[in-house]
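2 protein chains.
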Amino acid sequence: MIDQSGRTLSEAVLLAADGGATVVQLREKDCAGREFTERANIALAACRSAGIPLIINDRVDVALAIQADGVHVGQDDLPAMTARRLIGPDMLLGVSVKSVEQALAAQAAGADYVGAGAVFQTGTKVSSVIGIEGLKAICEAVKIPVVAIGGMSVQNGKEVVEFSGCAGVAAISGIFGESNVVDAAREFRMAVDAAKGKR
Amino acid sequence: MIDQSGRTLSEAVLLAADGGATVVQLREKDCAGREFTERANIALAACRSAGIPLIINDRVDVALAIQADGVHVGQDDLPAMTARRLIGPDMLLGVSVKSVEQALAAQAAGADYVGAGAVFQTGTKVSSVIGIEGLKAICEAVKIPVVAIGGMSVQNGKEVVEFSGCAGVAAISGIFGESNVVDAAREFRMAVDAAKGKR
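Just so you know, the protein sequences line up as chains L and B, in that order. Offset between the first sequence (1-based) and my numbering: plus 3. Offset between the second sequence (1-based) and my numbering: plus 3.
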């Protein structure tokens, strides 16, 4: 399994971790359970070797099957409260939100963090844009960490964190779309760390 | 949620049960977890009221979430052994198989039954055909019940059961594609019962 840049999944994970990624979320659309599980096991081995957690997107059963560190659900996936019940108290639960209302509901349902976005327009996923104001409102409303997602780049990452107070940023093409994944992840990490130092 | 004939999911389940269906399997392709769960809850309420079990296709997490009676996995879904581990010893586990080898593996992994097919060509699903000889070989190889699936009709159901010794037949269009679902289910049930009486 090779991405567009000729990297295997394992290589991509290790490069991102090498650059300072603190968590990896595996997102597989249009992928049946067997193949998803196989890819998840590959990603998990790489994450374990890098010492960072792996979060599985959507499929609670896949997360349970491979004993991932957590699962991330969107508003179209299993309800957060159901996911929490299935994974128990110890696995991480993330929830995608677009509004303060959704963020508060996720927090009440037992989410450990929310992914808020899309902050900006993105080529990865068709999604409505909440902007940095929408992100900031969510950050101010909930007690759990908020991760900014959607159109995040090294260029805008620092400003987004400074403005909103979000705990971190998540990127797909902003990291894996770059030819040098280690450098891209490192620049992201430095931008976020610098912004957090300022707040 | 209405099918092509204007029936709701709940109505379709109740009509099939009224005609003598002994189990309902809910299969939802291209349906996100939230909607699948909502539909599964509707089907479960109908099955409970009809006194028959509901089996969820593919998604072990959805089956667990709604506390269905069982889950059915194909060769592209979570491995049967993984599914069994996740659902525990009491929930029903069905596995789709095309060969004696797959059927024996499913039995060893803890399947309660196998769905073997496609026995005949079908419009519902693109699938290779095993024929009644392939079905019979599977029935003779395993100790667990074998359900014939794929192109099953009232016309061929009796002959298939008589020839192969399968425990039952499953149909999608053979029942829900008929204008009178109760009658179609009843004719299936009578054909199968008659064939089993003969063996």
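Where a beta carbon is used, it is the ideal one built from N, C-alpha and C, also for glycine. All values reported here derive from a predicted model rather than from experimental measurement.
- Going by C-alpha positions, Leu-29 (chain B) is about 37 Å away from Arg-51 (chain L).
- Here Asn-60 (chain L) carries a strand assignment [DSSP, helix/strand/coil].
- Within the segment 40-68 of chain B, the residues whose Cβ lies closer than 9 Å to any Cβ of chain L are, in chain order, Thr-40, Asp-61, Arg-62, Val-63, Asp-64, Val-65, Ala-66, Leu-67, Ala-68.
- Taking 8 Å as the upper bound for CB-CB distance, Ala-173 (chain B) and Gly-91 (chain B) are not in contact here, some 24 Å apart.
- Rounded to whole angstroms, Thr-125 (chain L) and Gly-126 (chain B) show a C-alpha spacing of 39 Å.
- For Ile-135 (chain L), the secondary structure class from DSSP, reduced to helix, strand or coil, is helix.
- Under the three-state reduction of DSSP, Val-117 (chain B) is assigned to strand.
- By the CB criterion at 8 Å, Arg-10 (chain L) and Gly-36 (chain L) fall outside the cutoff.
- In this model, Arg-189 (chain L) and Arg-88 (chain B) are separated by some 39 Å (Cα to Cα).
- Within 8 Å of the CB of Leu-81 (chain B), the CB atoms of chain L belong to Gly-36, Arg-37, Thr-40, Asp-64, Val-65, Ala-68, in sequence order along the chain.
- When 7 Å is used as the limit between beta carbons, Leu-89 (chain L) is near these residues of chain B: Asp-64, Leu-67, Ala-68, in chain order.
- Nearest to Gln-105 (chain B) by C-alpha distance, out of B:Pro-82, B:Leu-67, B:Asp-93, B:Lys-32, is B:Pro-82.
- CA-CA distance, Ile-69 (chain L) to Ala-43 (chain L), rounds to 7 Å.
- Boundaries of the alpha helix (DSSP H) around Gln-158 (chain L): 157-167.
- Contact note: Thr-85 (chain B) reaches chain L through Thr-40, Ala-68, using a C-beta cutoff of 8 Å and chain order.
- Taking Gln-158 (chain L) as reference, the option from L:Phe-39, L:Leu-12, L:Leu-47, L:Ala-197 with the minimal CA-CA separation is L:Ala-197.
- Take Ala-24 (chain B), set aside five residues on each side of it, and the residues of its chain with a beta-carbon closer than 6 Å to its own are Ala-188, in chain order.
- The C-beta distance from Lys-101 (chain L) to Ile-133 (chain L) rounds to 6 Å, short enough to meet the 8 Å contact threshold.
- Counting along the chain, Leu-95 (chain L) sits inside the beta strand (DSSP E) bounded by residues 95-100.
- Inclusion of Ser-167 (chain B) and Ala-144 (chain B) in the CB contact set at 8 Å is not warranted, their separation being larger than that value.
- For Ile-152 (chain B), no alpha helix (DSSP H) run applies; the uninterrupted beta strand (DSSP E) run containing it begins and ends at 149-152, by DSSP.
- Looking at the backbone, the Cα of Asn-183 (chain L) and that of Leu-17 (chain L) are separated by about 12 Å.
- Contact annotation, Leu-96 (chain L) with Pro-56 (chain L): C-beta distance approximately 12 Å; criterion of less than 8 Å not satisfied.
- In the DSSP annotation of this structure, the continuous segment of the alpha helix (DSSP H) that includes Leu-107 (chain B) starts and ends at 103-111.
- Ranked by Cα distance from Ala-86 (chain B), the first of L:Thr-40, L:Glu-181, L:Ala-53 is L:Thr-40.
- Only residues of its own chain outside the window of five on either side were considered, and among them Pro-56, Leu-57, Leu-95 have a CB closer than 6 Å to the CB of Asp-72 (chain L), listed in chain order.
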